[in-house]
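A.B. asks:
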Amino acid sequence: MTAGTSIYAKNLTKKFGNFTAVNTISFEVKKGEIFGFLGANGAGKTTAMRMLTGLLKPTSGEATVCGYNVFTHGEQIKKHIGYMSQRFSLYEDLTVAENIEFYGGIYGLRRNDIKQRSHELYDRIDLGHARNSLISAIPLGWRQKLAFMVSILHQPEIVFLDEPTGGVDPITRRQFWDLIYETANKGITVFVTTHYMDEAEYCGRVSIMTNGIIAAMGHPQELKQQYGVATMNEVFIKIARQ
Amino acid sequence: MKRFFGFIQKEFRHLFRDYRSLLILLGMPFVQILIFGFAITTEVRNIHVAFVDNSRDVESIRITNKILSSGYFISSGTINDVNSIEAIFRQGKVKLVVVFGNDFAKQLQAGDAIDIQLIADASDANTANLIVNYTQSIVQDYINAPQQSPQLVPEVKMLYNPNLKSVYMFVPGIICLLLMLISAIMTSISITREKEMGTMEVLLASPLKSSQIIIGKVIPYVLVSFTIGVIILAIGYTVFGMPFNSNVVLLLFEFVLFITLALALGILISTVTNSQQVALMVSMFALLLPVILLSGFIFPIENMPAFLQYLSLIMPPRWFIIIIKNIMLKGVSLEYVWKETLILAGMAVFLLTVSTKKLKTRLE
Amino acid sequence: MRNIFIIVKKEIRQILRDKLMMLIIFVMPTLQLLILPLAATFEMKEIKMYVVDFDNSPTSRDLINKFSSSPFYNIVGSAYSHRQAEANIISNKADFVLEIPANMERELQTLGAAKVQFVVNAINGMVAGLINGYSTAIIADFNSEIRTELTGGKYTNQLRAPTYSYWFNPQLDYKTYMIPGILIMMVSIIGLFLTAMNMVREKEIGTIEQINVTPIRKYEFIIGKSLPFCLIGLVVLTLGLLLAMLIYDVPVLGSIWLIYGVAMVYLFAVLGIGLFISAISDTQQQAMFVAWFFVMIFILISGLFTPSESMPDWLKGINTVNPIYYGIKMIRMVMLKGASFYDILPELKAVAIYGVCAMSLAVRAYRKRV
Chain A
1 MTAGTSIYAK NLTKKFGNFT AVNTISFEVK KGEIFGFLGA NGAGKTTAMR MLTGLLKPTS
61 GEATVCGYNV FTHGEQIKKH IGYMSQRFSL YEDLTVAENI EFYGGIYGLR RNDIKQRSHE
121 LYDRIDLGHA RNSLISAIPL GWRQKLAFMV SILHQPEIVF LDEPTGGVDP ITRRQFWDLI
181 YETANKGITV FVTTHYMDEA EYCGRVSIMT NGIIAAMGHP QELKQQYGVA TMNEVFIKIA
241 RQ
Chain B
1 MKRFFGFIQK EFRHLFRDYR SLLILLGMPF VQILIFGFAI TTEVRNIHVA FVDNSRDVES
61 IRITNKILSS GYFISSGTIN DVNSIEAIFR QGKVKLVVVF GNDFAKQLQA GDAIDIQLIA
121 DASDANTANL IVNYTQSIVQ DYINAPQQSP QLVPEVKMLY NPNLKSVYMF VPGIICLLLM
181 LISAIMTSIS ITREKEMGTM EVLLASPLKS SQIIIGKVIP YVLVSFTIGV IILAIGYTVF
241 GMPFNSNVVL LLFEFVLFIT LALALGILIS TVTNSQQVAL MVSMFALLLP VILLSGFIFP
301 IENMPAFLQY LSLIMPPRWF IIIIKNIMLK GVSLEYVWKE TLILAGMAVF LLTVSTKKLK
361 TRLE
Chain C
1 MRNIFIIVKK EIRQILRDKL MMLIIFVMPT LQLLILPLAA TFEMKEIKMY VVDFDNSPTS
61 RDLINKFSSS PFYNIVGSAY SHRQAEANII SNKADFVLEI PANMERELQT LGAAKVQFVV
121 NAINGMVAGL INGYSTAIIA DFNSEIRTEL TGGKYTNQLR APTYSYWFNP QLDYKTYMIP
181 GILIMMVSII GLFLTAMNMV REKEIGTIEQ INVTPIRKYE FIIGKSLPFC LIGLVVLTLG
241 LLLAMLIYDV PVLGSIWLIY GVAMVYLFAV LGIGLFISAI SDTQQQAMFV AWFFVMIFIL
301 ISGLFTPSES MPDWLKGINT VNPIYYGIKM IRMVMLKGAS FYDILPELKA VAIYGVCAMS
361 LAVRAYRKRV
């Protein structure tokens, strides 16, 4: 583990009874990197991510996030990360502004900071006009972008995104990835799970999980060369058939 | 049809997967009957009584013992000062203080007016009334024992329930309460749940007809309610020895009628609410309270103010309870309850029409 | 501290947003308080009475007059056979039949004793007991009158009987007793159900997962969730107290501050239970069920409707862990008897301990990390 590492995992394992959801995975993610965590449904992506975010206690192995051990310092980790869950994470019966205020507050931002950052947020995703609308009243694509912006409002060191673009149209997905790039450029590490293989091409590095193990890992370009195919989609299919 | 059965199967799975709820559902009748059978009695026992005895003679001690041996009271000892009674009452334990005046035995022998004062904590009016009456009759029995004639002796015949078991009244009430709870509340919550989770849209998009969706949703609850009704009847019969010389077919038919009505109410509630919480609150207040209060289940309707009596007329449980009491306890046939049955049937038809109509406009 | 405030703010916003819910929270208790005290009464006012008089003598007519002049009885008719009278009970036209046998007057004069028969519709055992009690009292009164007549009025029984006085409620108004209990019941139902469904709702919707990755502490979350409902409980209580004083003239002898203090401690316990249920449930439906089950049992055995002293020992045992029992007891003592802080200290302690346990359990049961 080197100085520029923000996530480090070695032989990380999670068992549910007899079923091994995540089986001795090891990897490192560098600061400011966009790390794609790919895999079919049920491959163990979400379980792995939940261990790294302190939601789930690992069975064995070791892992540190932002320098904190996931076994012993789960609560410390939570101060330094952002998280956007697969299921919808904003309160539908609160307005846009209220949601921002709530999550900003929980992460300990001052009132003025929240004010200033929410203005930046409105400008960036063009949502100022809807700040007093209920979440339930705004379109899904906007909600997802907002959820992402809220998850990095407190400027965490790492942001974990669990299938953030599920059910979103291609244009919004494109916009969403622009936001991810900007975030990474600010030095925030992005850890993103997805099963859209075209999105995998945007990542700095990807790992592909099948049946709880990491079957392949590397830059998308390298992986394509290694498997002798033209797209990540084909890489994925080849791995899945093994 | 096959699709429809698949759907019903899904509803049953929901119901049986959640074993905690099911356990409560099936355990509820047992617990309720036990509690009602034992807890809800106006009988008064174990009342703490204190004495202020200014005479301390043979007679006052005899009366004290007589009072304590009656079985209603527990002694909290004697107090020396009448002025401390209020403080003692405020602590809440002692409910009655018996005060003997001076020279009690002398008064009694001389045939003079006697000086015994009963001071009751009447913040609980009913209990106070009862214990003062008990004590009075104990004292009077003692004093007047030698000269009891001439007198009229009442001979009491308690019809249908010679031992005054409160369970006779609660069994019909609990049947009503649980049928209402399971049929109406569970239905309304289970439908709003699908709305909340967004799965309702999926169901509506399926080739199932909306009527099939509704029927499928309610069938498991109909069966569970019906089973519970029968369980309660069985407990009443076996554990509490309720008479059961009645027309079972008629009784079960009335069950079905009431369950249908309750389901219609549940569907109606689910059409006006969007969240489970609201559905629950509406059901709690709009259904359960009337069942408990305005149905004659615990409190006799005749004693209520006129407007509540009128209000109770539109409460289905009121009619249902009359019907089951009459059939079960009095053993009457349809000729005695046709009026009530007709009223219930009318309400059921009305509610079914309204709720399906509302549901349809809501769904389409 | 700041985190708790943030949660409180969010919860209050969510509660206020749900207009229908707000309506229910405040209108329903009001209705309940208006209806319940009037409905929940065992006071008999109009006992429907039938008379079968086979004696038809001056004494029997005196006796019937004695009944008809009592405010409790309403003689709705007379029958000429036993069977006819009982038929009236079957058809619910009568609750009570007085049957006076032939030769009653003569037997009374010659033998010194005679019998009359009461036939009571006993399906409602409690009401039947009351009817029997009233009727026996009337007969006893009647007996003492004829005795006085016979002994030439040397001394009346009245002087040979204990005198009595009813403290705190001289009119024996049942409503006065019921209302404080109903207040507690309302507050408990609202508090318990709202909290029981609250956290599990976030689980069902999925927002809890987002909360779980934030650095918020478990106790902050639980306390932040309970405070708004504590507030709602106190508002409902205030509403109820106002209605009780304005409409029903219920006295408030004790300190109003003590009532609020008791209510806060009590709510702390109730909300703790609610949040605990919420933390261990998977669905709102389940939470509601569990809550309903306990609320029902707790209310029935709390002594709200029937005296808790008279219950069997196993129920008294359950009552020692029944917060509603303590709550009702305390508020009745403070409101109706003017009990002081020291008078209710044992109960208050019990509830406080209960509250601390329930809240700790809720905090423990709420898992940020699986």
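Chains as they are written, first to last, in my numbering: chain A, 1 to 242; chain B, 1 to 364; chain C, 1 to 370.
Ideal Cβ placement from N, Cα and C applies to all residues, glycine included.
Note that the structure is predicted; figures quoted are calculated from it, not measured.
Could you run through the stretch 228–241 of chain C and flag, in chain order, every residue whose CB is less than 9 Å away from some CB of chain A?
C.D. replies: Flagged: no residues at all.
A.B. asks: What residues of chain A sit near residue 212 of chain C, judged by a beta carbon separation below 7 Å?
C.D. replies: 55, listed in chain order.
A.B. asks: Is there a Cβ from chain B that is less than 8 Å from the Cβ of residue 172 of chain C?
C.D. replies: Interface residue, yes.
A.B. asks: When you compare each of B:264, B:226, B:177 and B:298 to residue 251 of chain B by their alpha carbons, which one comes out closest?
C.D. replies: For residue 251 of chain B, the nearest C-alpha among the options comes from B:226.
A.B. asks: Would you mind telling me which residues of chain C sit closer than 9 Å to residue 93 of chain A, beta carbon to beta carbon, in chain order?
C.D. replies: Here the neighbours are 13, 14, 17 and 18.
A.B. asks: Going by DSSP in three states, residue 178 of chain A sits in which element: helix, strand or coil?
C.D. replies: Here residue 178 of chain A sits in helix by DSSP.
A.B. asks: Starting from residue 117 of chain C and walking both ways along the beta strand (DSSP E), at which residues does that stretch end?
C.D. replies: Per DSSP, residue 117 of chain C belongs to the beta strand (DSSP E) from 113–121.
A.B. asks: Under 8 Å between C-beta atoms, does residue 203 of chain C make it to chain B?
C.D. replies: Closer than 8 Å: no.
A.B. asks: Specify the secondary structure class of residue 219 of chain A as computed by DSSP and reduced to three states.
C.D. replies: Reduced to three states, the DSSP call for residue 219 of chain A is coil.
A.B. asks: Sorted by chain position, which residues of the same chain lie with C-beta nearer than 8 Å to residue 157 of chain C's C-beta, five sequence neighbours on each side aside?
C.D. replies: Only weak support is given to the placement of residue 157 of chain C: the predicted model assigns it a pLDDT of 48, under 50, and the value that follows is read from those uncertain coordinates. Result list for residue 157 of chain C: 144, 147 and 148, in chain order.
A.B. asks: Determine the burial state of residue 116 of chain C: buried for a count of at least 16 other Cβ atoms within 10 Å of its Cβ, exposed for fewer.
C.D. replies: With 16 or more Cβ atoms within 10 Å of its Cβ, residue 116 of chain C is classed as buried.
A.B. asks: Give the residues of chain A in contact with residue 10 of chain C, contact being defined as C-beta atoms less than 8 Å apart.
C.D. replies: Going along chain A in sequence order, the residues near residue 10 of chain C (Cβ under 8 Å) are 91, 94, 98 and 102.
A.B. asks: Residues in its own chain within less than 6 Å of residue 233 of chain C by CB, not counting five upstream and five downstream?
C.D. replies: Answer for residue 233 of chain C: 187, 191 and 267, listed in chain order.
A.B. asks: Tell me which same chain residues have a C-beta within less than 7 Å of the C-beta of residue 141 of chain A, skipping the five on either side of it?
C.D. replies: So the qualifying residues of the chain are 168, 169 and 172.
A.B. asks: Among residues of its own chain, excluding the 5 on either side of residue 142 of chain C, which ones have a beta-carbon nearer than 7 Å to its beta-carbon?
C.D. replies: Correct list, in chain order: 63 and 66.
A.B. asks: Report the CB separation of residue 29 of chain A from residue 191 of chain A in whole angstroms; it is logged as a contact under 8 Å.
C.D. replies: Between residue 191 of chain A and residue 29 of chain A the Cβ distance is about 6 Å, and since that is below 8 Å, they are a contact.
A.B. asks: In chain order, what residues of the same chain lie with their CB nearer than 6 Å to the CB of residue 327 of chain C, ignoring the 5 residues before and after it?
C.D. replies: Contacts found: 184 and 266.
A.B. asks: Considering residue 121 of chain B, what are the terminal residues of the beta strand (DSSP E) in which it resides?
C.D. replies: Run containing residue 121 of chain B: 116–121, per the beta strand (DSSP E) assignment.
A.B. asks: Closest to residue 99 of chain B by CA distance: which of B:139, B:126 and B:309 is it?
C.D. replies: Taking only the C-alpha atoms, the option nearest residue 99 of chain B is B:139.
A.B. asks: Using a Cβ-Cβ cutoff of 7 Å, what residues of the stretch 106–129 of chain B are near chain C? List them in chain order.
C.D. replies: Of all residues in the stretch 106–129 of chain B, 111, 113, 114, 116, 117, 118, 119, 120, 121, 122, 123, 124, 125, 126, 127, 128 and 129 have a Cβ within less than 7 Å of some Cβ in chain C.
A.B. asks: Along the chain, where does the alpha helix (DSSP H) containing residue 232 of chain B start, and where does it finish?
C.D. replies: Its alpha helix (DSSP H) spans residues 210–238.
A.B. asks: Taking C-beta pairs closer than 7 Å, name the residues in chain A that residue 207 of chain C reaches, listed in chain order.
C.D. replies: What residue 207 of chain C touches in chain A: 89 and 91.
A.B. asks: My parser needs the beta strand (DSSP E) runs of 3 or more residues fully inside the stretch 75–128 of chain A; what are they?
C.D. replies: DSSP runs (the beta strand (DSSP E)) wholly in the stretch 75–128 of chain A: 81–84.
A.B. asks: Bridge partners of residue 90 of chain B, per DSSP?
C.D. replies: DSSP lists no partner for residue 90 of chain B.
A.B. asks: Any Cβ of chain A within less than 8 Å of the Cβ of residue 223 of chain C?
C.D. replies: Cβ-Cβ to chain A under 8 Å: no for residue 223 of chain C.
A.B. asks: So, at 6 Å on beta carbons, what are the nonlocal neighbours of residue 353 of chain B in its own chain, with the 5 sequence-adjacent residues on each side left out?
C.D. replies: Cβ neighbours of residue 353 of chain B beyond the five flanking positions: none.
A.B. asks: As a quick exercise: from A:135, A:126, A:96 and A:163, pick the residue whose alpha carbon is nearest that of residue 114 of chain A.
C.D. replies: Ranking the options by Cα distance to residue 114 of chain A, first place goes to A:96.
A.B. asks: Anyone know if the C-beta pair for residue 162 of chain A and residue 221 of chain A falls short of 8 Å?
C.D. replies: Not closer than 8 Å, so no.
A.B. asks: To the nearest angstrom, how far is it from the Cα of residue 15 of chain A to the Cα of residue 59 of chain A?
C.D. replies: For residue 15 of chain A and residue 59 of chain A, the distance between alpha carbons rounds to 6 Å.
A.B. asks: Taking CB distances under 8 Å as the criterion, tell me whether residue 265 of chain A reaches chain C.
C.D. replies: Any property of residue 265 of chain A remains undetermined from this structure, which presents chain A solely from 1 to 242.
A.B. asks: Please say whether residue 133 of chain A and residue 92 of chain A have beta carbons closer to each other than 8 Å?
C.D. replies: No, the Cβ-Cβ distance between residue 92 of chain A and residue 133 of chain A is not below 8 Å.
A.B. asks: Taking Cβ to Cβ, would you say residue 288 of chain C is nearer than 8 Å to residue 196 of chain C?
C.D. replies: Yes, these two residues count as a Cβ contact at 8 Å.
A.B. asks: Should residue 338 of chain B go down as buried or exposed, given a rule of 16 or more other Cβ atoms within 10 Å for buried?
C.D. replies: Classification for residue 338 of chain B: exposed.
A.B. asks: Taking the continuous alpha helix (DSSP H) assigned at residue 207 of chain C, which residues delimit it?
C.D. replies: That run of the alpha helix (DSSP H) goes 207–212.
A.B. asks: Give the secondary structure of residue 244 of chain A by DSSP, where H, G and I count as helix, E and B as strand, and everything else as coil.
C.D. replies: This structure cannot settle anything about residue 244 of chain A, because the visible part of chain A is limited to 1 through 242.
A.B. asks: Do residue 310 of chain C and residue 319 of chain C have their C-beta atoms closer together than 8 Å?
C.D. replies: Cβ distance not < 8 Å, so residue 310 of chain C and residue 319 of chain C don't count as in contact.
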